Amino acid sequence: MEKSQRCNKDTNTNIGFCLLPSELIQNILFHLCIPEIIRMKLLNKFVLTTISDRSFIRQLNDGSQRDTWIFVYTRRWRRDNGVLHGFSDRSVRWFKIPVAEILAGEIRPGEDLYLLTASGNFLLFASNTHSGIIAVDLVGKIVTRISSCPLGPRGTSSWRRSGMKLVPDPSSPSHFRFMFAEMVNNRPVLFTYHSNTATWHTKEAEDTTNWVLKKNSNVLFLSLSNRPHESTVMSVDDDGSMINQFPTILRPRINQDAIRQCPSSVGFSRNDLESQLLHIHGDEYKVVIRLDTVDNSKMKKMMKSLEVWEISSNGEKWELVSIAPSEVISNKPCGVMMGCLERRLGVIRVALMTNHEGLWNIIWLDYDKQKDKWEWVPLPDCRFLQGSNMAGISFSSGLTLSL
Numbered sequence: 003m004e005k006s007q008r009c010n011k012d013t014n015t016n017i018g019f020c021l022l023p024s025e026l027i028q029n030i031l032f033h034l035c036i037p038e039i040i041r042m043k044l045l046n047k048f049v050l051t052t053i054s055d056r057s058f059i060r061q062l063n064d065g066s067q068r069d070t071w072i073f074v075y076t077r078r079w080r081r082d083n084g085v086l087h088g089f090s091d092r093s094v095r096w097f098k099i100p101v102a103e104i105l106a107g108e109i110r111p112g113e114d115l116y117l118l119t120a121s122g123n124f125l126l127f128a129s130n131t132h133s134g135i136i137a138v139d140l141v142g143k144i145v146t147r148i149s150s151c152p153l154g155p156r157g158t159s160s161w162r163r164s165g166m167k168l169v170p171d172p173s174s175p176s177h178f179r180f181m182f183a184e185m186v187n188n189r190p191v192l193f194t195y196h197s198n199t200a201t202w203h204t205k206e207a208e209d210t211t212n213w214v215l216k217k218n219s220n221v222l223f224l225s226l227s228n229r230p231h232e233s234t235v236m237s238v239d240d241d242g243s244m245i246n247q248f249p250t251i252l253r254p255r256i257n258q259d260a261i262r263q264c265p266s267s268v269g270f271s272r273n274d275l276e277s278q279l280l281h282i283h284g285d286e287y288k289v290v291i292r293l294d295t296v297d298n299s300k301m302k303k304m305m306k307s308l309e310v311w312e313i314s315s316n317g318e319k320w321e322l323v324s325i326a327p328s329e330v331i332s333n334k335p336c337g338v339m340m341g342c343l344e345r346r347l348g349v350i351r352v353a354l355m356t357n358h359e360g361l362w363n364i365i366w367l368d369y370d371k372q373k374d375k376w377e378w379v380p381l382p383d384c385r386f387l388q389g390s391n392m393a394g395i396s397f398s399s400g401l402t403l404s405l
């Protein structure tokens, strides 16, 4: 009886929604995130027709592609089918995304996957089982195994988060370019995979003495290494086709006093619990987090300060941009801290994952450089993290629907 009443109520709600003016329905849909809109397609044919309208899709994509997503991939145990959760900066809840269903039939049972990076509709996974790369189109529900890397099989430990970049093809939403920088025989090399041709291209980078960052230029930065006093970063002029690339090597230095006693790592990094500083790299920026011990315990620390640094306009040094105000600094103790960083649409975004006595927590901070404004992005409860093993985290640009 209760089930019958619930079904009648849902049916009446669906009918009532469809009786609204089409302009109002579209306005409601514009305020939803792409995963919610995809589910709305199942409501009835009227809503499906509205969502499938090309004019509606163009308007929707214009807004949604400016969204920022954070994706977290977790597993209960090593051979478990992982679970992907996503959160958008204009949503109020975590979305459980059925990536396991998309991967079903395309990967072998028990394949050990790790989320490397994400951008737009695409996620890139590394397989520890077969040392390969798998691309997933979340909206199109398409899985692609990337052909063998020129460097041969690579496990997840071989990839550096800030040394890679996933770029959707603006002229063809179903394709992307994947780039990563690596030292080969002590020479910096750029590797680029084009999904439209399923081919790899390599190009050796050169040192330069007259590099200048031009305003409004589309330049990509890939970290190669980060020593105590000097970093090695590859600069790539992205012309869209990647045909006329001219990768160059920059070696920005940092003041010795600013990084005293600081062992640094590149990309998705974590402190070793003995150090007092943590470096997280992304694009032409890095975040330096200063940590204090709690109760004289080396296994328990608390964030003291967070600084944003950027590569200077001539590429020769790191320059301090901003120090986060105390009100956005977490005062919760942690035993482990790791994170990722991204710059997009003029905003520097930092995601920090902390673990204290087995409990995971995520901190999301935004810094608008032009406005010199810090913002703490509130996240819903991350209960899905508890009892799980981390298998990757990444920022991403907004999801879009295909025309």
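Quick note on the working numbering: the sequence shown kicks off at 3 and runs consecutively. Using N, Cα and C, we set each Cβ at its ideal position, and we do this for glycine too. Because the structure is a prediction, the values reported are computed rather than measured.
Proximity below 8 Å, CB of residue i to CB of residue j
{"i": "residue 363", "j": "residue 338", "result": "no"}
{"i": "residue 321", "j": "residue 397", "result": "no"}
{"i": "residue 55", "j": "residue 400", "result": "no"}
{"i": "residue 153", "j": "residue 137", "result": "no"}
{"i": "residue 195", "j": "residue 394", "result": "no"}
{"i": "residue 355", "j": "residue 333", "result": "no"}
{"i": "residue 324", "j": "residue 368", "result": "no"}
{"i": "residue 382", "j": "residue 318", "result": "no"}
{"i": "residue 251", "j": "residue 208", "result": "yes"}
{"i": "residue 186", "j": "residue 179", "result": "no"}
{"i": "residue 59", "j": "residue 403", "result": "yes"}
{"i": "residue 316", "j": "residue 214", "result": "yes"}
{"i": "residue 289", "j": "residue 352", "result": "yes"}
{"i": "residue 93", "j": "residue 35", "result": "yes"}
{"i": "residue 111", "j": "residue 133", "result": "no"}
{"i": "residue 135", "j": "residue 37", "result": "no"}
{"i": "residue 282", "j": "residue 341", "result": "yes"}
Residue i classed as buried or exposed, judged by whether at least 16 other C-beta atoms fall within 10 angstroms
{"i": "residue 183", "result": "buried"}
{"i": "residue 387", "result": "buried"}
{"i": "residue 87", "result": "buried"}
{"i": "residue 107", "result": "exposed"}
{"i": "residue 198", "result": "exposed"}
{"i": "residue 33", "result": "exposed"}
{"i": "residue 249", "result": "buried"}
{"i": "residue 390", "result": "buried"}
{"i": "residue 212", "result": "exposed"}
{"i": "residue 139", "result": "buried"}
{"i": "residue 41", "result": "exposed"}
{"i": "residue 204", "result": "exposed"}
{"i": "residue 101", "result": "buried"}
{"i": "residue 326", "result": "buried"}
{"i": "residue 5", "result": "Residue placement at residue 5 is flagged as unreliable, the pLDDT there being 42, under the threshold of 50; a coordinate-derived value is accordingly withheld."}
{"i": "residue 118", "result": "buried"}
{"i": "residue 114", "result": "buried"}
{"i": "residue 105", "result": "buried"}
{"i": "residue 237", "result": "buried"}
{"i": "residue 270", "result": "With a pLDDT of only 36 at residue 270, under the threshold of 50, the placement of this residue in the model should not be trusted; the figure read from the coordinates follows. Classification for residue 270: buried."}
{"i": "residue 84", "result": "buried"}
{"i": "residue 129", "result": "buried"}
C-alpha gap between residue i and residue j, whole angstroms
{"i": "residue 330", "j": "residue 370", "result": "14 Å"}
{"i": "residue 306", "j": "residue 335", "result": "11 Å"}
{"i": "residue 147", "j": "residue 257", "result": "44 Å"}
{"i": "residue 96", "j": "residue 49", "result": "24 Å"}
{"i": "residue 189", "j": "residue 229", "result": "17 Å"}
{"i": "residue 266", "j": "residue 23", "result": "Summary for residue 266: the model assigns pLDDT 43, below 50, so the residue's position carries little reliability, and this model does not support an answer."}
{"i": "residue 61", "j": "residue 67", "result": "10 Å"}
{"i": "residue 409", "j": "residue 45", "result": "Here the chain has residues from 3 to 405 only, and residue 409 is not among them."}
{"i": "residue 366", "j": "residue 91", "result": "10 Å"}
{"i": "residue 284", "j": "residue 157", "result": "21 Å"}
{"i": "residue 191", "j": "residue 27", "result": "51 Å"}
{"i": "residue 141", "j": "residue 347", "result": "23 Å"}
{"i": "residue 103", "j": "residue 109", "result": "11 Å"}
{"i": "residue 172", "j": "residue 150", "result": "25 Å"}
{"i": "residue 378", "j": "residue 143", "result": "33 Å"}
{"i": "residue 201", "j": "residue 63", "result": "29 Å"}
{"i": "residue 240", "j": "residue 385", "result": "40 Å"}
{"i": "residue 232", "j": "residue 279", "result": "16 Å"}
{"i": "residue 174", "j": "residue 124", "result": "13 Å"}
{"i": "residue 372", "j": "residue 405", "result": "34 Å"}
* Asked: Of all the beta strand (DSSP E) runs that stay within the bounds of the region 139-176, which reach a length of 3 or more residues?
  -> 144-148, 166-170
* Give a yes or no on contact between the region 157-167 and the region 212-225, applying the rule of three or more CB pairs nearer than 8 Å. => The region 157-167, when compared against the region 212-225, does touch it at the 8 Å Cβ threshold.
* For the region 73-93 against the region 44-64, are there 3 or more C-beta pairs whose distance is under 8 Å? -> Contact fails: fewer than three Cβ-Cβ distances are below 8 Å.
* Asked: Between the region 310-318 and the region 291-298, do at least 3 Cβ pairs fall closer than 8 Å?
  -> no
* Runs of beta strand (DSSP E) lying entirely within the region 26-103, each at least 3 residues, in chain order -> 70-77, 85-90, 97-99
* Asked: In chain order, which continuous runs of the beta strand (DSSP E) of length 3 or greater are located wholly inside the region 322-374?
  -> Fully enclosed beta strand (DSSP E) runs of 3 or longer: 338-346, 349-358, 361-370.
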